[in-house]
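Q:
In our numbering, the protein residues as written are 12 to 333.
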């Protein structure tokens, strides 16, 4: 039986060189073990593999079955590479199963890939009509249409407000409830029209449905919860001087990344009245490194890169191991 065909859709990897450079795969670390938490179509993974020695190792994660098909082809041709069909939030258990205790660097490129957005059948975009799915992993979980059909108005409003930062969340949730009482909401254009009817004003050049689609996608895929879990597991696995590099695409993601890295880089202040030696003072777990945005050249070539923001930090040997 032939393997399923993966449709070809163009995808430009955002901050390709900058992200891999931030991992600092220098001569002394070319034999190391690295994690690409979001394989996508493999742009970052291929660049990391090109920097590793023959003894280096790369483990990638992805929830998308189409991304997994691409990754398996790469794994067949490169023994240094392994792919895990799951969220990077399962990183700890997966690495333990592979016998890997520590890693030298981890890269998380959050958000959607261009093929996911461009395929109407995935339901992520309202620019073409398609089924309301929105799952990163189409083999498990409930679709956006199933969630919309059964959720309460209060929870719909909360998700749209909190994850979409949508000030018309109440009106949108009310419109969804009213419409589904008449007939199911099954298509992307259908949902977009409902939102457009409930949103009275919007920023120039921005579709009224943008924030609602973002909110539902984030909720259906548990993206923020998985990000928090993944950051904690990655930190726990990093070797001294190992690098953590994260590319985010909206403020909700970046806020979590910024807070996590800053928290690990912050030193708890002891009570000054206590007689504590300098050598016994608590030490930070991480050192904050670069904050990078795409330059104008990259944005012109790939407009979807406009909102990207990369943060990186280094694990310090003196930090706590938890």
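Every residue gets a Cβ at the ideal spot worked out from N, C-alpha and C, and that includes glycine.
Can you tell me where the beta strand (DSSP E) with residue 118 in it begins and where it stops?
A: 114-120
Q: In the structure shown, what three-state DSSP assignment does residue 142 receive?
A: Strand, per DSSP.
Q: Can you name the residues that DSSP bridges to residue 47?
A: 71 and 118
Q: What does a CB cutoff of less than 7 Å around residue 132 pick up in its chain, not counting 5 residues either side in sequence?
A: 141 and 142
Q: By the three-class DSSP mapping on this structure, what secondary structure does residue 275 have?
A: helix
Q: Measure the alpha-carbon distance for residue 175 versus residue 28 and round it to whole angstroms.
A: 30 Å
Q: What is the residue span of the beta strand (DSSP E) that residue 258 lies within?
A: 249-259
Q: Flag this pair as touching only if the stretch 83-95 and the stretch 111-126 have three or more C-beta atom pairs under 8 Å; answer yes or no.
A: no
Q: Report the residue from 215, 265 and 184 whose alpha carbon sits nearest the alpha carbon of residue 206.
A: Per the Cα distances, 184.
Q: Rounding to the nearest angstrom, what Cα-Cα distance links residue 325 and residue 212 in this structure?
A: 44 Å
Q: In whole angstroms, give me the CA-to-CA distance for residue 154 and residue 200.
A: 16 Å
Q: Check each candidate in 88, 150, 63 and 71 and name the one with the smallest Cα separation from residue 119.
A: 71
Q: Give me the Cα-Cα distance between residue 274 and residue 253, rounded to the nearest whole angstrom.
A: 17 Å
Q: Can you find the residues in the same chain that come closer than 8 Å, C-beta to C-beta, to residue 45, ignoring five residues on each side of it along the sequence?
A: 34, 36, 59, 63, 67, 68, 69, 70, 114, 115, 116, 117 and 118
Q: Specify the secondary structure class of residue 198 as computed by DSSP and reduced to three states.
A: strand
Q: Around the Cβ of residue 74, are there at least 16 other Cβ atoms within 10 angstroms (buried) or fewer (exposed)?
A: buried
Q: Starting from the C-beta of residue 331, find all residues in its chain whose C-beta is less than 6 Å away, skip the five residues before and the five after it, and write them out in chain order.
A: Any reading at residue 331 must be qualified, since the residue scores a pLDDT of 48, below 50, and its modelled position is unreliable; the value itself is stated next. Closer than 6 Å at Cβ, skipping near neighbours: 296.
Q: Less than 8 Å between the beta carbons of residue 248 and residue 103, yes or no?
A: yes
Q: Taking 8 Å as the limit between beta carbons, can you name the residues of its chain near residue 106, skipping five residues before and five after?
A: The residues are 46, 70, 112, 114 and 248.
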